[in-house]
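There are 2 protein chains.
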Amino acid sequence: MTQSPAPPHSESPPADAAAFRHQSVSFPDGLSLDCGAAIAPLTVAFRTYGTLDAARGNAVLVCHAMTGDQYVAESHPVTGKPGWWEAVVGPGKPVDTDRFFVICANVLGGCMGSTGPREEMPGEGRPYGTDFPSITIRDMVRAQKRLVDHLGVPRLLAVIGGSMGGMQVLEWAATFPEMVHAAAPIATAPHHSAQNIAFDEVGRAAIHSDPDWKGGRYWEDGRIPARGLSVARMVAHITYLSEQALTRKFGRRLRGAPALTFLEDVFEVESYLRHQGSTFVNRFDANSYLTITRAMDFFDLAAEHDGNLAAAFRGTPTRFFVASFDSDWLFPTSESRALVRALNAAAANVSFVEIKSDKGHDAFLLHEPEFHAALGGFLRGAAERAGC
Amino acid sequence: MTQSPAPPHSESPPADAAAFRHQSVSFPDGLSLDCGAAIAPLTVAFRTYGTLDAARGNAVLVCHAMTGDQYVAESHPVTGKPGWWEAVVGPGKPVDTDRFFVICANVLGGCMGSTGPREEMPGEGRPYGTDFPSITIRDMVRAQKRLVDHLGVPRLLAVIGGSMGGMQVLEWAATFPEMVHAAAPIATAPHHSAQNIAFDEVGRAAIHSDPDWKGGRYWEDGRIPARGLSVARMVAHITYLSEQALTRKFGRRLRGAPALTFLEDVFEVESYLRHQGSTFVNRFDANSYLTITRAMDFFDLAAEHDGNLAAAFRGTPTRFFVASFDSDWLFPTSESRALVRALNAAAANVSFVEIKSDKGHDAFLLHEPEFHAALGGFLRGAAERAGC
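Listed in order, the protein sequences are those of chains A and B.
Start counting the first sequence at -17; every next residue gets the next number (my numbering).
Start counting the second sequence at -17; every next residue gets the next number (my numbering).
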């Protein structure tokens, strides 16, 4: 195992995201995947915040969402933007880095330093691209497990995450129950719905239909399928916001003069979405997008247990905190309730809160004091029970 | 004014949709548009069903939705599929063609024979393409008014339509109130929401980003932006279905073996959406799609009346029947209720029904007996009051 040095935080964003060297650990023996294939070596890029205590009992693993990464609580080295969960993770925050040792890894299949389609395929002298195997949420969790073991953490005080991060939380609790003292799946579901799969498929079709995608071999002439990836991001972005949030942000406001033009953006929401799309392509890899959305679509925790979701958690020692947001239509409260019912049926210790918010799915990332208080309280309680 | 002969119904679908000759009437003096431009000549393609009675009082105008057309109650001459509203319009149906003279026109800006981006630009020897002016829902209605006058109908017994067709119904009642005895706006809203605009913008971005679109001049080399138009249709199609309908139709069912593949469609919903996209491009023009979605996005009946929706209907003689479907999230019941409140404030005669259905926005096109009974009853009542 080798571990590269942490990148200095003060660096200005590099021009080429792919060239940035992320802090990582490499496992030469690699990882066996659910699809039957294996990848070796396995590299896991990660960041940590705070200090592991002497009893090694204060580690909290944060799992990131689909297009997130390991830069939870610090400026992003590529975009220069604040960490994606600085509202929740940091000194004195609900996930208090003065008290907890926080770990976050770039997911397997991602494009921020962990093994994924953009990384070099061993012996080929080129990226994996579409030769990267199909992966599952459980494969992502197995890769994180290797990192946690490497960091010398025998048991995680908590695993926390929203959206796809929440799927990983559930898979952690189901696959490594003795490793997880407490679990907080947030704004998530035990499987992707038909509608979620459909929206993902639109994004994939947009990428596939971009001639610059070139069947996934876009690295060959140094181009990226920016148009297709941008459209994919635009449609996904709509699903992250509630109708109320879109209306509050933009309503039907026009940009400048209300001219009736054929080609230009006329409504503010249009230029906003285009901006979301065009900035995204600079930091995210199209083949990673295909790989990770497919992993989400495959996720079905009940199916992994003969159709019985409760069976995934039977006898679990983990304490659960389930949270949803009432305006989230991508992962609606009804799916969190189904999860809570299954956890109850498994006699698990579970608390559930539906947060009132009009921000939609994105609420889990934003300023939501009620949610932050509930999550912080759950974590402190878990730490007290664990004696750390 | 010239009127071309009706196409024979028994023809097999022509290979080239653009080459098909639709029944139409041409107005050499053209039409002045809301944007300030004018188009001349104005051609309106249309179909009629049933017979205009001696008193000319039994005419019902049906307005079609975004990608609909004039083939309401007969096989489509291009696709060979049944008329889009055969569940509602025909002998003995709620809109009874044994009793009523039903008119349906292809909208201005469309691509089934009415003046639109695919038609030849006068004096240019090429299609309008992106030189086609920006149009509004009111412009579409003004074009229909020319047709109705041409057909010798002094007053319409009813104007009926769903979705964008419902927007036209509202614009008819607001612009030509003395011409409209009864109006049935169905599954619609008095303006497009920010979320609706956002989804439309994704579709437009998909078309714009297809290199075959060529800035709108795709006719020059005989290609069409099929990939972009297909993606646009896919995302729109999701918004037409409820989550329940998608789940009932597809759930998370896999196609064939549950193989973990990178490139192929794996879920049934994926291949369904791809099929929806790929068949659509054979019958619809990309520049029409851009023109018509923009017209919907601009639609804001209150804004046309100083922000006061009720003012659009003050003193109206029209009787209204407003219908929504409880699982329609594209045009939710809340928007129909806002319309009804405005009609009440305008002292209009209005009845409102929310139909229970789990089919989403598409429900207005499908087998919904409760809706059909209510619409049929409303029309019969209107006919009795009008004495026809």
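Every residue, glycine too, gets a C-beta built ideally from N, C-alpha and C.
Residues of chain A with a Cβ closer than 8 Å to the Cβ of arginine 256 of chain B are, in chain order, Glu183, Ala187. Using a Cβ distance threshold of 9 Å, histidine 174 of chain A and alanine 285 of chain A do not count as a contacting pair. Sequence-ordered contacts of the segment 215 to 231 of chain A with chain B read Met216, Val217, Ile220, Glu225, Leu228, Thr229 [C-beta pairs closer than 7 Å]. Under the three-state reduction of DSSP, arginine 301 of chain A is assigned to strand.
In the three-state DSSP reduction, aspartate 282 of chain B falls in the strand class (E or B).
Closer than 9 Å to the CB of valine 213 of chain B there is at least one CB belonging to chain A.
When secondary structure is reduced to three states using DSSP, proline 136 of chain B falls in the coil class, being assigned neither helix nor strand. DSSP places serine 6 of chain B in the uninterrupted beta strand (DSSP E) bounded by 6 to 9.
Excluding its 5 nearest sequence neighbours in each direction, glycine 98 of chain A has C-beta neighbours in its own chain below 6 Å: Gly91, Gly92, Ser270, listed in chain order.
DSSP lists B/Ala87 as the bridge partner or partners of phenylalanine 28 of chain B. Rounded to the nearest whole angstrom, the CA to CA distance from isoleucine 189 of chain A to cysteine 370 of chain B is 56 Å.
Annotation for glutamate 352 of chain B: Ile337 place their beta carbon closer than 7 Å to its own, counting only its chain and skipping 5 residues before and after. Secondary structure at aspartate 267 of chain B: coil, using DSSP grouped into helix, strand and coil. In chain order, Ile179, Asp279 make up the part of chain A whose C-beta sits under 7 Å from the C-beta of phenylalanine 249 of chain B.
Taking 9 Å as the CB threshold, alanine 176 of chain B lines the interface with chain A. Nearest neighbour of alanine 268 of chain A by Cα position, chosen from A/Gly210, A/Asn88, A/Asp113, turns out to be A/Gly210. Closest in C-alpha terms to arginine 186 of chain A, from the list A/Ala328, A/Thr170, A/Ala214, A/Asp113, comes A/Ala214.
Scanning chain B for C-beta atoms nearer than 7 Å to the C-beta of aspartate 282 of chain A yields Arg234, reported in chain order. At a cut-off of 9 Å between C-beta atoms, tryptophan 154 of chain B does not count as an interface residue with respect to chain A. Taking 9 Å as the CB threshold, alanine 285 of chain B lines the interface with chain A.
Alanine 292 of chain B and valine 130 of chain B have their C-alpha atoms some 26 Å from each other. Within a 10 Å sphere around the beta-carbon of threonine 33 of chain B sit fewer than 16 other beta-carbons, which makes this residue exposed. Following the DSSP letters along the chain, one finds alanine 165 of chain A in no alpha helix (DSSP H) but inside the beta strand (DSSP E) bounded by residues 162 to 168. Under a 10 Å Cβ-count criterion, aspartate 11 of chain B is classified as exposed, with fewer than 16 other Cβ atoms of the shown protein chains found around its own Cβ.
Contact with chain B is found for arginine 209 of chain A, since one of that chain's Cβ atoms lies less than 9 Å from the residue's Cβ.
Glutamate 366 of chain A: member of the alpha helix (DSSP H) spanning 351 to 368, first to last residue. Using beta-carbon distances, serine 145 of chain B does not count as an interface residue toward chain A, since no partner is under 9 Å.
In the three-state DSSP reduction, isoleucine 206 of chain B falls in the coil class, being neither helix nor strand.
Residue contact check for aspartate 308 of chain B against chain A: no CB pair falls below 9 Å. With respect to chain B, the C-beta atom of proline 193 of chain A has a partner C-beta closer than 9 Å. The criterion of a C-beta distance shorter than 9 Å is not satisfied by lysine 63 of chain A and alanine 227 of chain A. Taking the CA atoms as reference points, alanine 365 of chain A sits about 7 Å from asparagine 40 of chain A. Cα atoms of phenylalanine 82 of chain A and valine 42 of chain A: separation of roughly 6 Å, rounded to the nearest angstrom.
Think of a sphere of 8 Å around the beta carbon of histidine 173 of chain B: the chain A residues whose beta carbon falls inside it are Arg234, in chain order. In the DSSP assignment, leucine 43 of chain A falls within the beta strand (DSSP E) that extends over 41 to 45.
Nearest to alanine 208 of chain A by C-alpha distance, out of A/Pro193, A/Val217, A/Met94, A/Tyr222, is A/Pro193.
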